[in-house]
Structures are given as structure tokens and as C-alpha cells.
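I have placed the structure first, in the form of C-alpha cells, so that the comments after it can refer back to it.
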Amino acid sequence: MNYEHTMTAVFLSRPNRFLAHALLDGKEVVCHVKNTGRLKELLNPGVPVVIQHHPDAKAAGRKTEYSLIAVASPVLDGSQWVNIDSQAPNQATYEWLSAGDGLPFCPRPTGIRREVSHGGSRFDLAFSCQGQPWFMEVKGVTLNVNGQARFPDAPTERGIRHLHGLSDAVKEGFGAAVLFVLQMQDCASFSPNPDHPEFGEALRYAKDHGVHIWAWDCEVSEASMKIRQPVPVIL
14 MNYEHTMTAV FLSRPNRFLA HALLDGKEVV CHVKNTGRLK ELLNPGVPVV IQHHPDAKAA
74 GRKTEYSLIA VASPVLDGSQ WVNIDSQAPN QATYEWLSAG DGLPFCPRPT GIRREVSHGG
134 SRFDLAFSCQ GQPWFMEVKG VTLNVNGQAR FPDAPTERGI RHLHGLSDAV KEGFGAAVLF
194 VLQMQDCASF SPNPDHPEFG EALRYAKDHG VHIWAWDCEV SEASMKIRQP VPVIL
């Protein structure tokens, strides 16, 4: 997926979950934060960030002209961009599935749909693989702890409900998967965050009941994010 009208700035502060202040060409601007997670390990004063300008903000009724979409994170040989746009993983996954680049057992899924309701759940994606209908939940991951990607970075009852919904779908004969999209590169593995054990328990239950658990990292630039390669999942 690609962004238009992006530029680099310097992060200053985040007064609440939805807003951040950044320094752009010597001027302080207010940005919408497209992620309600804590992001404490990323959003430190002085770090470079990518912001997106919305020229039609006033006409569209937006409260801010800018959105914060990526943050520079240190790595061994410098830094890398971490995309923090919570809408990006779903769009990148839709493009990935549509291009037929992804699932090794089903390179050309058909009938790809978004936001599909089933039972008491609303899943991010649905598609068919060799005639079998599938549901997929997509979870964006921005937390990197010593080279291990982790999810969630905050409690998520909604995420747990989705995992149970996928387990129920398997019992009904559907295929089901949860895809953790690492919005960054250079993580050696993915695991559920031990700081939130309820999600880890639900994830292990889902796997034991036939839900596929996958993690893929992404190539991230100032103006794009693209799913790149699989990362080992350690539950």
C-alpha cells in the first residue's frame, strides 16, 4: 500500500491517544495518531517520524491537516521505519492476497471480501481456497522486544473474541487464520505478549482447535508498506 503527500518531521509529544505534536520545517504541527495503542517504546521526543499531509482536510471536516504514520526505530545498523497506521495491515493484506503472493497452499485465493460477518463475529477478510471458504483476522504488530515481535501492547477483549469466533468457524467446517502483520522488519520471531496472558491463552486455544497462526513482516518506507516474508511463530 502507498501513501501520498508524506514528509519527515520530528516527534515532540502525544497529549492523548488521538493527537501528537511534531516539528515540521521548524513549525509545530498537530497530527492525528492512527493508532490507539500505547506505543511508548516508539514515541520518544526527538525521534524522526513520517507524517502525511491531507490537503483537503478542511473540506473533509478533518480536525487536523496531518496524520502520523511511521516512526524511526533504532536497529543495529542504524534505524528503520515502523509503520503505526492501524488501518495499514488490513489494506496491505488485501493487496497481498489479491496479488496471489502469499499463502503457500493457496497462491490464488478467490472471492476476497473485507469486513465479513459470521455468527457473532465480524472478520477482517474472507476468501475461498480450492472451494473451501475461509475467514481471516489481521492484527498489526508494532511492539518489538529485543528482536521479538509481540502482540498486543495493550489489553484487547475484542481480539480475544475474534479468536474464539475463528475457533467456532473451524468447528462449522470453515478454514480460519489469524495473520499478525509486523509493521517493520528484522524481528527474529513473533510471540503473544506475556504481559497480557489472556490473549496468549486464547491464541493457543485457537491453534489447538484448528485456527492457523501466521506472522509476516513488512517492507516499510516513508510512503509505503508491503508484506514481505514469514516470521516464525512461537506460542
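For what it's worth, this note's numbering labels the leading residue of the sequence shown as 14, then goes sequentially.
Ideal placement from N, C-alpha and C gives every residue a C-beta, glycine not left out.
Bear in mind that the values here come from a model prediction, so they are computed numbers and not experimental data.
Taking the CB atoms as reference points, tell me whether residue i and residue j lie closer together than 8 Å.
i, j, result
"valine 191", "leucine 176", "yes"
"valine 194", "isoleucine 125", "no"
"valine 84", "leucine 55", "yes"
"valine 23", "valine 233", "no"
"asparagine 15", "serine 99", "no"
"arginine 10", "serine 134", "Nothing can be reported for residue 10, as the shown portion of the chain is limited to 14 through 248."
Just the C-alpha distance for residue i and residue j, rounded to the nearest angstrom, thanks.
i, j, result
"phenylalanine 136", "glycine 39", "43 Å"
"proline 245", "proline 68", "41 Å"
"proline 165", "alanine 70", "31 Å"
"asparagine 57", "glutamine 65", "19 Å"
"lysine 76", "lysine 184", "45 Å"
"proline 146", "leucine 81", "36 Å"
"glutamine 242", "glutamine 196", "12 Å"
"valine 120", "glycine 223", "Inspection of the sequence shows that residue 120 is occupied by proline rather than by valine. Between proline 120 and glycine 223, the C-alpha separation is close to 20 Å."
"alanine 236", "arginine 127", "23 Å"
"threonine 169", "alanine 139", "22 Å"
"arginine 217", "lysine 152", "16 Å"
Run through DSSP, which three-state label would residue i get?
i, result
"leucine 116", "coil"
"isoleucine 173", "helix"
"lysine 152", "strand"
"aspartate 137", "strand"
"threonine 49", "coil"
"proline 210", "helix"
"glutamine 15", "According to the sequence provided, residue 15 is asparagine. The question's glutamine does not apply to it. Asparagine 15 falls in the strand class under three-state DSSP."
Count the other CB atoms, across all protein chains shown, that sit within 10 Å of the CB of residue i; report buried if there are 16 or more and exposed otherwise.
i, result
"glycine 111", "It should be noted that the sequence gives serine, not glycine, for residue 111. Result: exposed."
"leucine 248", "exposed"
"arginine 163", "buried"
"phenylalanine 118", "exposed"
Whose CA, out of the options, lies closest to the CA of residue i?
i, options, result
"serine 202", "Trp94, Gln93 and Gly160", "Gly160"
"arginine 51", "His34, Asn29 and Phe24", "Asn29"
"aspartate 208", "Phe140, Leu156 and Gln145", "Leu156"
"tyrosine 79", "Val46, Asn96 and Tyr107", "Val46"
"alanine 182", "Glu150, Pro210, Met197 and Phe212", "Glu150"
"cysteine 44", "Val63, Pro87 and Ile173", "Val63"
"threonine 123", "Gln143, Arg171, Glu108 and Trp109", "Gln143"
"leucine 179", "Arg171, Tyr218, Gly172 and Ala189", "Ala189"
"aspartate 199", "His222, Gln104 and Cys231", "Cys231"
"glycine 172", "Asn206, Gly74 and Thr19", "Asn206"
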